[in-house]
Amino acid sequence: MPDQRFHLILLGAPGAGKSTQSRLLGHHFPLTVFATGQMLRDEVVKGSALGLLADSYFKTGTLLPDDVMIAIMTERLRALPQTQGVLLDGFPRTCVQAEALDKLLIELKRPLDAVIALDLSDEVAVHRLGGRRMCEGLGTPFALHIDDPESIAACLRLGGNVTIRPDDEPEVIRERLRVYEAETEQLIDYYGGHGLLHRISAAAAPETVHEQIVTLLGERHATVGGT
1 MPDQRFHLIL LGAPGAGKST QSRLLGHHFP LTVFATGQML RDEVVKGSAL GLLADSYFKT
61 GTLLPDDVMI AIMTERLRAL PQTQGVLLDG FPRTCVQAEA LDKLLIELKR PLDAVIALDL
121 SDEVAVHRLG GRRMCEGLGT PFALHIDDPE SIAACLRLGG NVTIRPDDEP EVIRERLRVY
181 EAETEQLIDY YGGHGLLHRI SAAAAPETVH EQIVTLLGER HATVGGT
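So this is what it looks like as structure tokens:
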């Protein structure tokens, strides 16, 4: 199964661990991971026009306009080699984006295999995000948590800087969760109606969640006979 080419979407509220699961799945399968959040944060660091636009939305916890995100992802997906599967983390975020993605994937002959929704309560999400820190200055920034002081100490010992993402400030966290519930939850109904949705609890350890996703994909591949 590791050589199977999958086309996946990962959904979940802020704090559900989408970035972690994207990274693990990217190592397990021949997938190109498009993590739009990190992609946009990289543009912020570069100071590009897109980065400046994204930063203004990050600071308020609101979503970038549909037309901007659709244009970005259309360009990225068109450039993807056919030998690679794809995992979308952070796109689509609205039904308008989902409908545009459907049309694009039909054109590119890349049918979706599954849409995985990582379920997490608001209480757990607030705890995870409120305690999240970023280790920067050691290559690609990566997430830490105040519940793991050893990792924070290791980052500092190696010369990194421990920072708080602007969108992890308490008032922004609440707004991000509100936006998710008001807009992104509509995707649950959208993809549920297409028979593609699979819900997995994100409250467990990342390794456990990953194993459940891999098992799910194996079962789906066996059922549909591959793509």
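Mapped onto our numbering, the consecutive letters of the sequence shown carry residue numbers 1 to 227. Just so it is clear, CB atoms sit at the ideal spot from N, CA and C, and this is done for glycine as well.
- Residue 157 places its beta carbon 7 Å or farther from that of residue 145.
- Looking at the DSSP output, residue 34 sits in a beta bridge with 88.
- The alpha-carbon separation between residue 20 and residue 206 amounts to approximately 7 Å.
- Around the beta carbon of residue 194, fewer than 16 other beta carbons sit within 10 angstroms, so the residue counts as exposed.
- DSSP places residue 196 in the coil class of the three-state scheme, outside both helix and strand.
- Residue 59 sits exposed, since fewer than 16 C-beta atoms from the chains shown fall within 10 Å of its C-beta.
- Between residue 84 and residue 32 a beta carbon distance of about 5 Å is seen, short of the 8 Å cut, so the two are scored as contacting.
- Residue environment analysis places residue 114 among the buried positions, since at least 16 neighbouring C-beta atoms fall within 10 angstroms of its C-beta.
- Considered as a whole, the segment 121 to 163 harbours 122 to 130, 149 to 157 as its complete alpha helix (DSSP H) runs of no fewer than 4 residues, in chain order.
- The continuous beta strand (DSSP E) containing residue 12 extends over residues 7 to 12.
- About 5 Å separates the CB atoms of residue 18 and residue 10; that is less than 8 Å, so the two are in contact.
- When the alpha-carbon of residue 202 is set against those of 4, 105, 13, the nearest one is in 13.
- With respect to the 7 Å criterion, residue 44 and residue 55 are classified as neighbours on the basis of their beta carbons.
- Between residue 63 and residue 93, the gap from beta carbon to beta carbon is short of 7 Å.
- The three-state secondary structure of residue 205, taken from DSSP, is coil.
- Taking C-beta atoms as the reference points, residue 137 and residue 160 count as a pair closer than 7 Å.
- DSSP lists 8 as the beta-bridge partner residues of residue 114.
- Residue burial annotation: residue 52 is exposed, with fewer than 16 other C-beta atoms found within 10 angstroms of its C-beta.
- Runs of the beta strand (DSSP E) spanning 3 or more residues and lying entirely within the segment 16 to 75 occur at 31 to 35, in chain order.
- Looking at 220, 170, 98, the one whose alpha-carbon comes closest to that of residue 189 is 98.
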